[in-house]
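A short worksheet on the structure shown next.
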Amino acid sequence: MYLRLIALLVLLIGIASRFDLPPAVAEALAIPAAALSAVYIKAFTNPGPAPQRPQDVSADGTDPSGPAAPVGQDAQKAFTAPAPAKAGSARVPFTRHIVAVGDLHGDLPNAQTVLQFSGVVDALGNWTGDADFFVQTGDIVDRGDDTIRLYEWMEQLRVQAAATGGVVLSHLGNHEVMNAIGDWRYVYPSEIATFGSVAARQKMISTGPIGRAWAQNYTAASRLPLHPHLGPPNTPFPPPSHPLHAHNAPLPASAYYSVRAPLSHAALSFVHGGLAPTYAHLAPFPTKINALSASLLRRLQHRAQPAPHPPAAYPGLPAGTPHDEAVLYGADGPFWYRGWATDGEDKACMDVEAVLARTGTRRMIMGHTPDFSGIVSRCNGKIIIIDTGISHAYGGALSALSIHYTFTPIDDAKGAPRWREREVVSALYVDRQETIVDEEREVVGDFRFA
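Residue numbers (mature numbering (1 follows the signal peptide of the UniProt record, and there is no 0)): -18 to -1, 1 to 432.
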């Protein structure tokens, strides 16, 4: 009798290991989290092993030191949720998966390839739910003919993501703003033809569907918390009422940290060009930058549209544009700044600490300055540049950035609650993935989830 029961249990476990099961059933059978669907993994109710460290894979897809590492979408599935707290505990593990992609420049097929191998979309271009956040850092327009289809696709993904609890974060690049200004130097005649005429294109990007999408869904910068304790995306740092805003003189980086808030900087910044250390409106981040950007975009869109340059003269910013908006679009503003890519290592690594402190983030991610060979990481992953020339206009590497964040309770009956925080940042390519950051630390505090 007992042997039959044991055999039946083994059979059930074997079957369960091959199928998706509800969390309650999975817990009863003690099935590893890898056997559960991504939906249940994201609910943080399923058991499972600790996340596996992604491996570097050679160009031919093999690892000479061992089995081949998973690549592309398979690599995303291989990263599983952490093991849960013991039964009855109010503390549960949390995980967040973010995928970010840089400049697309009018190339829909290459964009589809990147989003598919990174697990954001399926073979039909629809949202998979494998990522919690998809971030695009601007410059969808120019240098290619797929402008309309790319922006339509981004809006489709935004709706699909929201329906499953996901989020698409979109950013204005310098080329979006250039087009709004009337600077069409990188617009191909063949791309204008897809709109029907110059006038139709002007209408589309000002008060038409593309222009409305820019105004409603695109920002100049984002602050994306890794942990929900910090609030939703773009929760300002420091909060508007914080005493730090009362200081006119620059404060040391240490002033922005507190032992009472160990997760204060557990967030990422996204912007197209870069956040210059000399830029005057970093804080509150990203509220001030985005307010200026929204104001400038309204100014450009709701006016008599100038004849595009070329062949007409360069129109520039409208007369009466406030100084702060002009600086926003200047060389040290977030649309154009290149210092994080061009400065020497010593200077960049010294300057980045102050910017991270002031913006409440631990790493800054940007596009704009391409490296056609792959994603660039500087200063131990505190600066990550993800423009790799994805568009066929450049012929660069097809790439995406993947961030896996886990926050796991440590069972300890004594003292304050302890957690293990881990962040794995990887560069994904068609044929391989490369680990950029794999950091782990212990955090003390009460970070229960509702």
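Yeah, the Cβ is synthetic: ideal placement off N, Cα and C, and Gly gets one too.
Cβ shell of residue i (< 6 Å), same chain only, five flanking positions each side left out
i           : result
residue 90  : 128, 131 and 132
residue 359 : 366 and 418
residue 425 : 244, 401 and 403
residue 423 : 403
residue 320 : 351
residue 428 : 399
residue 79  : 113, 114 and 386
residue 139 : 109 and 150
residue 218 : 266 and 269
residue 214 : none
residue 179 : none
Pair within 9 Å by beta-carbon distance, residue i and residue j
i           : j           : result
residue 220 : residue 238 : yes
residue 235 : residue 336 : yes
residue 81  : residue 111 : no
residue 122 : residue 157 : yes
residue 120 : residue 85  : yes
residue 393 : residue 370 : no
residue 312 : residue 318 : yes
residue 125 : residue 373 : yes
residue 205 : residue 116 : no
residue 412 : residue 348 : no
residue 155 : residue 315 : no
residue 356 : residue 375 : no
residue 334 : residue 262 : no
residue 77  : residue 388 : yes
Three-state secondary structure assigned by DSSP to residue i
i           : result
residue 206 : strand
residue 149 : strand
residue 458 : Nothing can be reported for residue 458, as the shown portion of the chain is limited to -18 through 432.
residue 420 : strand
residue 321 : helix
residue 428 : coil
residue 337 : helix
residue 95  : helix
residue 311 : coil
residue 5   : Note on residue 5: pLDDT 31, under 50, position unreliable in the model; no value is reported.
residue 19  : Unreliable positioning characterises residue 19 in this predicted model, as indicated by a pLDDT of 28, which lies under 50. A coordinate reading is not provided.
Cut-off 7 Å between Cβ atoms - residues of its own chain near residue i, not counting five sequence neighbours on either side
i           : result
residue 212 : 245, 248 and 249
residue 137 : 195
residue 277 : 307
residue 297 : 163, 164, 288 and 291
residue 152 : 118, 136, 199 and 200
Residues bridged to residue i (per DSSP)
i           : result
residue 251 : 205 and 346
residue 117 : 82 and 151
residue 103 : 109
residue 77  : 388
residue 200 : 152
Same chain, Cβ closer than 8 Å to residue i, five either side skipped, listed in chain order
i           : result
residue 292 : 166 and 167
residue 264 : 257, 270, 271, 337, 340 and 341
residue 330 : 321, 322, 360, 361 and 365
residue 159 : 278, 279, 282, 311 and 317
residue 104 : 98 and 110
residue 377 : 354 and 371
residue 96  : 83, 372, 380, 381 and 382
residue 284 : 188 and 189
residue 300 : 281, 282 and 285
residue 197 : 276, 279, 280 and 283
CB contact below 9 Å: residue i versus chain C
i           : result
residue 223 : Annotation note: the requested chain C is absent from the structure, which comprises a single protein chain.
> Residue ranges of each beta strand (DSSP E) run of no fewer than 3 residues wholly in the segment 351 to 414, ordered along the chain?
Replying inline: DSSP runs (the beta strand (DSSP E)) wholly in the segment 351 to 414: 358 to 360, 365 to 367, 381 to 392 and 400 to 411.
> Counting only runs that start and end within the segment 146 to 192, where is the beta strand (DSSP E) found for 3 or more residues in a row?
Replying inline: 149 to 153
> If you scan the segment 251 to 288 from start to end, which runs of the alpha helix (DSSP H) of 4 or more residues do you find wholly inside it?
Replying inline: 269 to 283
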